[in-house]
Amino acid sequence: MNKNIYDFSKDYYLLWHDEFDGKKLDETKWNIVHGNFRVNNEAQRYTDGLNIELKDSCLVLWAKKEQFEGMEYTSARVNSRGKGDFTYGRIEICAKLPRGRGTWPALWMMGSTREYGGWPHCGEIDIMEHVGYNENVINTWFHTGSKNHVRQTQRGTRLFLDGACENFNVYAIEWYEDQIDVFYNNVLIYSLVKEENDTYLEWPFDKPHHIILNLAIGGNWGGAKGIDDSIFPCALYVDYVRVYDMTRDKDGNKRELTRRADYDKGRNGL
Numbered sequence: 000m001n002k003n004i005y006d007f008s009k010d011y012y013l014l015w016h017d018e019f020d021g022k023k024l025d026e027t028k029w030n031i032v033h034g035n036f037r038v039n040n041e042a043q044r045y046t047d048g049l050n051i052e053l054k055d056s057c058l059v060l061w062a063k064k065e066q067f068e069g070m071e072y073t074s075a076r077v078n079s080r081g082k083g084d085f086t087y088g089r090i091e092i093c094a095k096l097p098r099g100r101g102t103w104p105a106l107w108m109m110g111s112t113r114e115y116g117g118w119p120h121c122g123e124i125d126i127m128e129h130v131g132y133n134e135n136v137i138n139t140w141f142h143t144g145s146k147n148h149v150r151q152t153q154r155g156t157r158l159f160l161d162g163a164c165e166n167f168n169v170y171a172i173e174w175y176e177d178q179i180d181v182f183y184n185n186v187l188i189y190s191l192v193k194e195e196n197d198t199y200l201e202w203p204f205d206k207p208h209h210i211i212l213n214l215a216i217g218g219n220w221g222g223a224k225g226i227d228d229s230i231f232p233c234a235l236y237v238d239y240v241r242v243y244d245m246t247r248d249k250d251g252n253k254r255e256l257t258r259r260a261d262y263d264k265g266r267n268g269l
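Heads up, the sequence shown is in numbering that gives the first Met the number 0, so the first residue is 0 and it goes up one at a time.
As structure tokens, this is what we get:
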């Protein structure tokens, strides 16, 4: 990982984490997803653990060109639903992205309850999305009942992050009751602010969300310029996932909750 990234365990209470130091995925923290996702016309089949490896203290999600259960590609997806569901805090993921046209890795969150309904009403926080034909351009998006990609009204931004497919970078959000700040390598790149008249249609972010890590292949967005079969096998590497309680210090004592105002905003070459 990038050794220059600040260690937030000095400031905040480490509530939940996985450093992927074991020999196999910790299924007390993660669910392995099996199946395919036709909703986005993705080309992969997520296998029941066959494409998951723990190597060099990283979670490795492999995508391969192979026929499996009627699909032409296999890959991997895990989520923490029911095992790690969070409302507010700092969610931090260190990852290295795959290179190649047709890849569509994502580090994201989705509402765990259905009190407001299914997607998009439950809420979706795309901490990081990347499509391989637009290398090193990183996207962060927020989807809600009234503002989502189906309506082309989603909120967020995209920026150039040099070396996203070569280096480990830290993608994070700091989630408050009325604001979500997005950071790449501790540079503030976007803030979503709750407006005074927002309802659950604009702000479902007062309910628990779970973490999702996946590597899709093809699909409406990832496959918009086709799939380069020469890139396989390829992988998304995740060094760690950490969730901090920002209302407590590293020892678990209550602390004043303040937003970090000393970050420089960045748009290019973080």
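The C-beta atom is built at its ideal place from N, Cα and C for all residues, glycine as well.
Roughly how many angstroms separate the alpha carbons of GLN153 and SER145, rounded to a whole number?
Taking the straight line joining both Cα atoms gives about 9 Å.
Would you tell me roughly how many angstroms separate the C-alpha atoms of TYR45 and GLU255, rounded to the nearest one?
If I take the Cα positions, the gap works out to 43 Å.
Can you tell me where the alpha helix (DSSP H) with ASN219 in it begins and where it stops?
First-last of the alpha helix (DSSP H) with ASN219: 218-221.
Where does TYR262 sit, in a helix, a strand or coil, going by DSSP?
In this predicted model, TYR262 has a pLDDT of only 43, less than 50, meaning its place in the structure is not dependable enough to derive any value.
Which partner residues does HIS129 have in the DSSP bridge list?
In DSSP, HIS129 forms no bridge with anything.
Sort out for me which residues DSSP pairs CYS121 with in a bridge.
None; CYS121 has no bridge partner.
Which partner residues of LEU214 appear in the DSSP bridge assignment?
PRO104, per the DSSP bridge assignment.
Nearest-angstrom Cα distance between ASN66 and TYR72?
A small correction: the amino acid at residue 66 is Gln; Asn does not occupy that position in the sequence shown. Rounded to whole angstroms, GLN66 to TYR72 spans 6 Å at the Cα level.
Checking the sheet assignment: what are the DSSP bridge partners for CYS270?
No information on residue 270 is available, as it lies outside the stretch 0 to 269 that the chain covers here.
Just to confirm the assignment, what range does the beta strand (DSSP E) spanning LYS224 have?
It is not in any beta strand (DSSP E) - LYS224 carries neither H nor E in the DSSP assignment.
Using a Cβ-Cβ cutoff of less than 6 Å, which residues in the same chain neighbour ALA105 once the five nearest sequence positions on both sides are dropped?
So the list reads GLU128 and ASN213, once near-sequence residues are dropped.
Suppose you measure from the CA of ASN50 to the CA of ASN196; what does that come to, to the nearest Å?
Each residue's alpha carbon lies about 45 Å from the other.
Can you list, in chain order, the residues of its chain whose CB lies under 7 Å from that of ASP20, leaving out five sequence neighbours each side?
Correct list, in chain order: SER56.
Take the Cβ of ASP47 as the centre, count every other Cβ of all protein chains shown within 10 Å, and call the residue buried at 16 or more, exposed below.
Exposed is the call here.
In this structure, how does DSSP classify MET0 when only helix, strand and coil are distinguished?
Reliability of the predicted coordinates at MET0 is poor, the pLDDT of 44 falling under 50, and the value obtained from them is presented with this limitation in mind. Residue state, collapsed to three classes: coil.
Just confirm the distance between the C-beta atoms of TRP107 and GLU123, as a whole number of angstroms; I'd bet it's less than 8 Å.
Yes, they are in contact, since the Cβ atoms of TRP107 and GLU123 sit about 7 Å apart, within 8 Å.
Can you grab the Cα-Cα spacing for the pair ALA215 / VAL130, in whole Å?
Taking the straight line from one Cα to the other gives about 9 Å.
Are the CB atoms of SER79 and ILE210 nearer to each other than 9 Å?
Yes, the pair counts as a contact, with Cβ atoms nearer than the cut-off.
Tell me whether the stretch 28-38 and the stretch 198-206 touch, counting them as touching only if at least three CB pairs, one residue from each stretch, are closer than 8 Å.
Judged by Cβ distances under 8 Å, the stretch 28-38 makes no contact with the stretch 198-206, as fewer than three pairs qualify.
If contacts are defined as beta-carbon pairs under 8 Å, then ILE137 and ALA163 qualify, I think. What distance do you get, rounded to the angstrom?
Confirmed, about 6 Å.
Taking the beta strand (DSSP E) that GLN178 belongs to, which residues open and close that run?
Note, GLN178: beta strand (DSSP E), 178-183.
Taking ASN78 as part of the beta strand (DSSP E), name the residues at either end of that continuous run.
Its beta strand (DSSP E) spans residues 76-78.
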